[in-house]
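Asker: Take a look at the following structure, please.
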Amino acid sequence: MSAVQARRPRRLEQPPPAAGTVEMTLRGSSRDVDATIAQMRELGLVVRHAPDHPYPDRDGVSIRRRVVIDRREKPGRP
Numbered sequence: 001m002s003a004v005q006a007r008r009p010r011r012l013e014q015p016p017p018a019a020g021t022v023e024m025t026l027r028g029s030s031r032d033v034d035a036t037i038a039q040m041r042e043l044g045l046v047v048r049h050a051p052d053h054p055y056p057d058r059d060g061v062s063i064r065r066r067v068v069i070d071r072r073e074k075p076g077r078p
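Numbering follows UniProt numbering, with no gaps: position 9 of the sequence shown is 9.
This is how it looks when you write it as C-alpha cells:
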C-alpha cells in the first residue's frame with residue numbers, strides 16, 4: 001500500500017451551532033423549499049444558509065439546501 005492510499009483526508013472541525021440556533025437540511029422542489037423558508041421568516045425566525053453550504057445542491061427535480069435557523073426574534077419585531 002502506498003503512502004498516498006494510506007492517508008485519510010483531514011476533516012475540518014465545524015464549530016457547533018450557537019446557542020439558540022438549529023441547523024437543518026430542507027429537501028424538495030425549489031419552489032417548496034423557498035416557500036418553507038419564506039414561512040419561517042414570516043414567523044420571525046432568522047434563516048440563513050449554513051456557512052459550509054452556500055449554494056443549493058440539485059439532483060434532478062429536488063433540491064437540498066442546508067440552512068441555519070436562529071430562534072431568536074428579529075430585532076425590531078414585537
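Even for Gly, the Cβ is constructed at its ideal location relative to N, Cα and C.
Is residue 48 buried or exposed, if buried means 16 or more other CB atoms sit within 10 Å of its CB?
Answerer: Counting Cβ neighbours within 10 Å, residue 48 comes out exposed, since fewer than 16 surround it.
Asker: Among the residues of its own chain, which have a CB less than 7 Å from the CB of residue 70, if the five just before and after it don't count?
Answerer: 20, 21, 45 and 46.
Asker: In angstroms, rounded to a whole number, what distance separates the CA positions of residue 29 and residue 37?
Answerer: Their backbone Cα atoms lie some 12 Å apart in a straight line.
Asker: Roughly how many angstroms separate the alpha carbons of residue 68 and residue 32, rounded to a whole number?
Answerer: Approximately 17 Å between the Cα atoms of the pair.
Asker: Assign residue 41 to one of two classes, buried (16 or more other C-beta atoms within 10 Å of its C-beta) or exposed (fewer than that).
Answerer: Looking at its Cβ environment, which holds fewer than 16 other Cβ atoms inside 10 Å, residue 41 is exposed.
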